[in-house]
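Read through the structure below, which is laid out as structure tokens, and then see the notes.
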Amino acid sequence: MADPRFFSVAGPFSVGEIARRTGAAIGGAGNVELLLRDVAALEAAGSAELSFLDNRKYLDEFRRTGAGAVFVQPALAAAAPVGATLLLTEQPYRAYAVAAQAFYPEPPPSPGIAAGASIDPTARIGEGTAVEAHAVIGPGVEIGQRCLIGANSVIAAGTVLGDDVRVGANVSISHALIGARVRLYPGVRIGQDGFGFALDSRGYVKVPQLGRVVIGDDVEIGANSTIDRGAGPDTVIGAGTMIDNLVQIGHNVQIGRGCVLVAQVGISGSTRLGDHVMIGGQGGLIGHLTIGSGARIGAQAGIMRDVAPGETVLGSPGLPIKEFFRQVAALQRLARKKDG
Amino acid sequence: MADPRFFSVAGPFSVGEIARRTGAAIGGAGNVELLLRDVAALEAAGSAELSFLDNRKYLDEFRRTGAGAVFVQPALAAAAPVGATLLLTEQPYRAYAVAAQAFYPEPPPSPGIAAGASIDPTARIGEGTAVEAHAVIGPGVEIGQRCLIGANSVIAAGTVLGDDVRVGANVSISHALIGARVRLYPGVRIGQDGFGFALDSRGYVKVPQLGRVVIGDDVEIGANSTIDRGAGPDTVIGAGTMIDNLVQIGHNVQIGRGCVLVAQVGISGSTRLGDHVMIGGQGGLIGHLTIGSGARIGAQAGIMRDVAPGETVLGSPGLPIKEFFRQVAALQRLARKKDG
Amino acid sequence: MADPRFFSVAGPFSVGEIARRTGAAIGGAGNVELLLRDVAALEAAGSAELSFLDNRKYLDEFRRTGAGAVFVQPALAAAAPVGATLLLTEQPYRAYAVAAQAFYPEPPPSPGIAAGASIDPTARIGEGTAVEAHAVIGPGVEIGQRCLIGANSVIAAGTVLGDDVRVGANVSISHALIGARVRLYPGVRIGQDGFGFALDSRGYVKVPQLGRVVIGDDVEIGANSTIDRGAGPDTVIGAGTMIDNLVQIGHNVQIGRGCVLVAQVGISGSTRLGDHVMIGGQGGLIGHLTIGSGARIGAQAGIMRDVAPGETVLGSPGLPIKEFFRQVAALQRLARKKDG
Chain V
5 MADPRFFSVA
15 GPFSVGEIAR
25 RTGAAIGGAG
35 NVELLLRDVA
45 ALEAAGSAEL
55 SFLDNRKYLD
65 EFRRTGAGAV
75 FVQPALAAAA
85 PVGATLLLTE
95 QPYRAYAVAA
105 QAFYPEPPPS
115 PGIAAGASID
125 PTARIGEGTA
135 VEAHAVIGPG
145 VEIGQRCLIG
155 ANSVIAAGTV
165 LGDDVRVGAN
175 VSISHALIGA
185 RVRLYPGVRI
195 GQDGFGFALD
205 SRGYVKVPQL
215 GRVVIGDDVE
225 IGANSTIDRG
235 AGPDTVIGAG
245 TMIDNLVQIG
255 HNVQIGRGCV
265 LVAQVGISGS
275 TRLGDHVMIG
285 GQGGLIGHLT
295 IGSGARIGAQ
305 AGIMRDVAPG
315 ETVLGSPGLP
325 IKEFFRQVAA
335 LQRLARKKDG
Chain W
5 MADPRFFSVA
15 GPFSVGEIAR
25 RTGAAIGGAG
35 NVELLLRDVA
45 ALEAAGSAEL
55 SFLDNRKYLD
65 EFRRTGAGAV
75 FVQPALAAAA
85 PVGATLLLTE
95 QPYRAYAVAA
105 QAFYPEPPPS
115 PGIAAGASID
125 PTARIGEGTA
135 VEAHAVIGPG
145 VEIGQRCLIG
155 ANSVIAAGTV
165 LGDDVRVGAN
175 VSISHALIGA
185 RVRLYPGVRI
195 GQDGFGFALD
205 SRGYVKVPQL
215 GRVVIGDDVE
225 IGANSTIDRG
235 AGPDTVIGAG
245 TMIDNLVQIG
255 HNVQIGRGCV
265 LVAQVGISGS
275 TRLGDHVMIG
285 GQGGLIGHLT
295 IGSGARIGAQ
305 AGIMRDVAPG
315 ETVLGSPGLP
325 IKEFFRQVAA
335 LQRLARKKDG
Chain R
5 MADPRFFSVA
15 GPFSVGEIAR
25 RTGAAIGGAG
35 NVELLLRDVA
45 ALEAAGSAEL
55 SFLDNRKYLD
65 EFRRTGAGAV
75 FVQPALAAAA
85 PVGATLLLTE
95 QPYRAYAVAA
105 QAFYPEPPPS
115 PGIAAGASID
125 PTARIGEGTA
135 VEAHAVIGPG
145 VEIGQRCLIG
155 ANSVIAAGTV
165 LGDDVRVGAN
175 VSISHALIGA
185 RVRLYPGVRI
195 GQDGFGFALD
205 SRGYVKVPQL
215 GRVVIGDDVE
225 IGANSTIDRG
235 AGPDTVIGAG
245 TMIDNLVQIG
255 HNVQIGRGCV
265 LVAQVGISGS
275 TRLGDHVMIG
285 GQGGLIGHLT
295 IGSGARIGAQ
305 AGIMRDVAPG
315 ETVLGSPGLP
325 IKEFFRQVAA
335 LQRLARKKDG
């Protein structure tokens with residue numbers, strides 16, 4: 005059970021109701037009336053709890069689970085323990101997500117302006133929006149309805165936020181237009197100057213950064229990630245893109261829809277990503293590249309050339325996946341031979 | 005045109021005036037009297053706008069540009085579209101920077117202490133300095149003239165800032181002496197304890213960190229970067245050095261003048277950099293190294309030995325550039341042969 | 005001498021007293037009565053100052069030091085300058101740490117709630133605890149005795165902190181149970197949602213993150229590091245573990261006791277570390293791995309498989325240390341041959 009100091013559980017829901025909400029078929033013991041009171045991991049779940057199997061690594065835990073009901077792919081259903089009701093779906097993790105949202109609906113913001121928040125009189129704040137303590141909201145800012153602006157965050161002049169945006173604690177935003185349902189986790193930095201300067205005989209000359217950050221609907225940006233505004237064009241994050249913690253996005257970068265950037269990725273200035281690009285943790289891309297839609301870039305990869313749509317690239321410097329594994333294997337054989 | 009919600013344009017300026025300010029020679033259509041009202045990218049610029057060509061990747065955009073005037077190197081001038089006035093210079097990006105500063109001069113801080121800022125009575129704050137909402141300034145702090153201290157930033161006891169320093173939102177600084185015209189972007193952390201502890205039979209013994217962070221004039225430090233104070237000696241950042249976002253500088257590191265550290269670089273304790281060293285994104289250096297002036301270290305490089313002045317090092321573990329490319333090529337050939 | 009604007013020195017202490025506190029034996033000039041007034045680096049120390057030699061790189065500085073007394077290993081004592089009193093120990097850095105703590109004891113917090121802090125009436129705050137300006141403490145929070153809560157930090161509902169915890173400036177914490185004597189440096193983010201979502205035909209479905217962050221006693225977490233809460237199980241950091249700056253810890257990660265994670269390390273979701281694991285700077289681990297106790301993972305290593313207890317792994321993809329150096333050497337030879 006989730007710690008009640010931090011979470012409140014809704015429900016209960018019957019197996020039938022969960023099946024209806026998630027589109028899963030009922031199998032195994034098939035107890036449609038069983039009342040489920042919570043979600044839990046396979047190894048911890050009891051007879052009134054709902055679990056899921058999404059990774060074959062945890063097949064043993066599935067075999068031994070005491071869960072009342074489990075989301076599982078039909079192909080793995082045979083490993084189920086006797087007595088468990090199965091909720092059969094090709095996407096058990098997605099079904100679990102939908103069910104867990106039913107058990108743990110996110111509480112809406114408590115509308116109002118906390119004491120100690122500083123709000124410029126020219127800012128417009130939508131109905132149902134909560135502004136927490138010591139948040140600072142500058143002139144001309146427009147904030148939509150039902151938003152949450154976290155404590156000690158700073159939203160600078162002119163910034164626009166859509167409806168249902170959630171801004172965590174200690175965030176700072178400037179020069180940005182942000183869509184609906186966007187989530188910015190604590191410590192995110194959006195809209196500061198990009199890393200732009202020109203060399204001069206006496207040092208560096210700062211290049212004014214005259215663009216914005218434009219963020220589509222349903223984007224998430226992880227804790228302490230940094231997104232610089234454009235130098236002239238905008239920095240753009242497409243709708244539905246998911247960005248993890250400590251990610252760096254340089255000026256003028258354009259990211260398409262539904263991309264996934266894992267923690268500590270860095271993308272240098274003016275590089276463009278298509279839609280549904282995935283980049284593993286700590287991957288790095290130099291500037292001015294074009295990465296095609298559906299491309300997959302491995303963890304710690306170092307990308308110095310354009311990547312074609314759908315291509316998978318690994319290593320530093322990055323190589324097509326087959327070539328990468330050929331080189332890994334060839335070097336392994338070579339090292340063994342030299343020993344012999 | 006830059007979004008007027010965020011930027012105010014000055015001017016207009018004649019082509020002649022821009023040439024005078026930047027030292028460029030006038031070529032192409034040569035319309036000295038043409039009034040320029042703004043700067044813009046090649047593909048977006050209109051007949052009263054000023055643009056620049058700095059990267060051959062964008063030569064096609066140059067050929068098609070509708071810009072009234074363009075900074076360009078003489079060697080590329082032949083590709084200019086008919087009717088464009090050219091501003092010829094060997095350093096078009098630098099010239100653009102100077103011109104863009106004329107069109108978009110940075111507004112000075114609005115002097116004064118915002119309501120809700122907490123300022124210790126023993127702190128001294130220079131004339132013309134602005135302290136934004138909920139900033140916290142500790143005992144004995146000295147802040148120069150015309151500085152900007154961003155909202156929700158914290159400047160701890162004894163810290164000294166020179167004139168014209170700009171501190172972004174949500175920054176924290178302690179144990180630091182900071183020069184003039186330094187810019188600290190949002191979320192920067194300066195002066196906290198370095199990662200110093202000794203092993204003991206019962207665990208780790210914390211080593212008191214008794215040094216400071218000393219930052220020269222004209223330094224920039226990017227969003228969410230972290231600079232630990234020295235353990236006994238100081239951590240030093242030389243004048244004019246440019247540090248990008250999410251960079252880590254360990255205790256006792258000494259960085260010379262005019263260095264460039266791209267995003268997510270990490271430098272371990274007690275390593276010393278000469279002047280004008282450049283490190284690409286995500287490059288990492290272990291501790292106690294000496295990196296000579298003018299050295300260039302590639303993106304994602306892993307440096308475990310000293311680097312000579314002017315040397316270029318790539319890869320992890322880092323290799324001299326020729327050796328790096330030799331190894332890349334040899335491995336590529338080997339992998340192909342093994343397939344054959 | 006440490007800058008008196010930032011540090012206050014205690015003492016003086018006699019050589020005999022320092023020997024007693026650190027367990028070192030007295031050698032060299034052996035002046036037991038000598039009064040030591042401060043600690044200093046070898047090259048800067050004077051005749052009333054205490055220094056240490058911990059790294060053979062600094063043997064020349066040892067030979068020339070003017071320090072009154074020096075911690076040194078017996079095996080290196082012969083290089084000492086005439087007149088120096090030696091404090092002989094196999095662990096000179098540990099002894100220095102203990103001595104430096106005597107000269108520079110950490111000042112206790114100044115108890116009390118600063119003006120402008122926002123504290124929910126249901127929060128409980130222990131005796132001797134200091135809450136600095138504009139800190140925000142939510143409902144049901146429990147804070148132990150003698151803690152320091154830094155300016156502009158945010159501690160969200162239900163969080164529990166043990167005694168003697170130090171929270172730096174601009175930190176945010178939620179969904180967390182934190183032990184005694186833990187230090188969180190400025191900008192740390194603890195307890196936000198992990199990177200959890202499932203793919204759907206229409207995009208990503210957010211997976212509710214229902215776990216906590218549980219941090220043992222005596223843990224340190226460096227500036228701007230991020231620790232996501234568990235998805236169902238908890239994210240766990242074992243007692244005495246040391247985490248440097250800009251480190252990312254994903255949801256459900258379990259870290260044992262006394263581990264050391266150097267700056268910019270990233271650990272993906274559900275990976276488990278035993279006790280006393282060390283990971284060099286910028287090292288990365290994919291999710292769902294098991295890393296045995298005492299394993300050592302090199303800087304910038306990319307770990308994609310389980311690591312056995314005590315094993316040392318280098319490179320990306322990670323290899324056992326011998327194999328790594330064999331491959332490095334084989335490739336070097338190959339590249340030279342191809343040139344010949």
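Residue numbers (the numbering used here), protein chains in the order written: chain V, 5 to 344; chain W, 5 to 344; chain R, 5 to 344.
Heads up, the beta-carbon is just placed ideally off N, CA and C, and yes, glycines get one too.
Only a predicted model underlies this, so the values are computations on that prediction, with no experimental measurement involved.
- According to DSSP, R:Y100 shares a beta bridge with no other residue.
- Between the C-alpha atoms of V:H255 and V:T239 there is a straight-line separation of about 6 Å.
- Distances from the CA of R:L289 to each of R:V311, R:S297, R:G298, R:A334 were compared; the closest alpha carbon is that of R:V311.
- For W:I290, the nearest beta carbon of chain R is closer than 8 Å to its own beta carbon.
- Counting the other CB atoms within 10 Å of its CB gives W:A83 a total below 16, which places it among the exposed residues.
- By the Cβ-count criterion, R:D7 is exposed, with fewer than 16 other Cβ atoms from all chains shown falling within 10 Å of its own Cβ.
- Using a Cβ-Cβ cut-off of 8 Å, W:H179 counts as an interface residue toward chain R, since at least one Cβ of chain R sits closer than that to its own.
- When secondary structure is reduced to three states using DSSP, V:I259 falls in the strand class.
- W:G278 has its alpha-carbon roughly 5 Å from the corresponding atom of W:G260.
- For W:R98, the closest Cβ of chain V is nearer than 8 Å.
- Secondary structure at V:Q331: helix, using DSSP grouped into helix, strand and coil.
- Secondary structure of V:F66 (DSSP, three-state): helix.
- From the listed residues V:G87, V:I271, V:V264, the smallest Cα separation to V:I253 is found for V:I271.
- Secondary structure within the region 14–38 of chain R: the alpha helix (DSSP H) runs of 4 or more consecutive residues, fully enclosed, are 19–26 (chain order).
- W:E53 and W:A44 have their C-alpha atoms roughly 6 Å apart.
- DSSP places R:A73 in the uninterrupted beta strand (DSSP E) bounded by 73–76.
- Inside the region 137–209 of chain W, DSSP marks no whole alpha helix (DSSP H) run of 4 or more residues.
- Those residues of the region 208–221 of chain V placed with their C-beta closer than 8 Å to a C-beta in chain R do not exist.
- Distance from the CA of V:T26 to the CA of V:G220, rounded to the nearest whole angstrom, comes to 27 Å.
- Proximity to V:R170 across V:E47, V:A160, V:R187, V:V211 peaks at V:R187, based on C-alpha coordinates.
- Here DSSP, grouped into helix, strand and coil, assigns W:R60 to helix.
- One thing to note: R:A180 has its Cβ no nearer than 8 Å to the Cβ of R:N156.
- By the C-beta criterion, the region 55–69 of chain R is judged not to be in contact with the region 323–343 of chain W, since fewer than 3 inter-stretch pairs fall below 8 Å.
- Using a Cβ-Cβ cut-off of 8 Å, R:Q196 does not count as an interface residue toward chain W, since no Cβ of chain W sits closer than that to its own.
- The C-beta distance from V:V217 to V:I231 rounds to 5 Å, short enough to meet the 8 Å contact threshold.
- Boundaries of the beta strand (DSSP E) harbouring R:T316: 316–318, taken from the DSSP string.
- Nearest to W:I325 by C-alpha distance, out of W:L338, W:A299, W:K341, is W:A299.
- Contact residues of the region 308–322 of chain R toward chain V are M308, S320, P321 (C-beta to C-beta distance below 9 Å).
- By a beta-carbon distance limit of 8 Å, V:F199 does not contact V:V209. Their separation comes to about 13 Å.
- Burial state of W:A29 is exposed, judged by a 10 Å Cβ sphere holding fewer than 16 other Cβ atoms.
- When the beta-carbon positions are compared, R:T133 and R:P109 stay at least 8 Å from each other.
- DSSP links R:L214 through a beta bridge to no other residue.
- W:P237 belongs to the set of residues whose beta carbon lies under 8 Å from a beta carbon in chain R.
- With fewer than 16 other Cβ atoms from the protein chains shown falling within 10 Å of its own Cβ, V:R206 counts as exposed.
- Residue burial is scored here from C-beta neighbours: W:T126 has fewer than 16 other C-beta atoms within 10 angstroms and is therefore classed as exposed.
- In the structure shown, W:A134 adopts extended strand secondary structure according to DSSP, grouped into three states.
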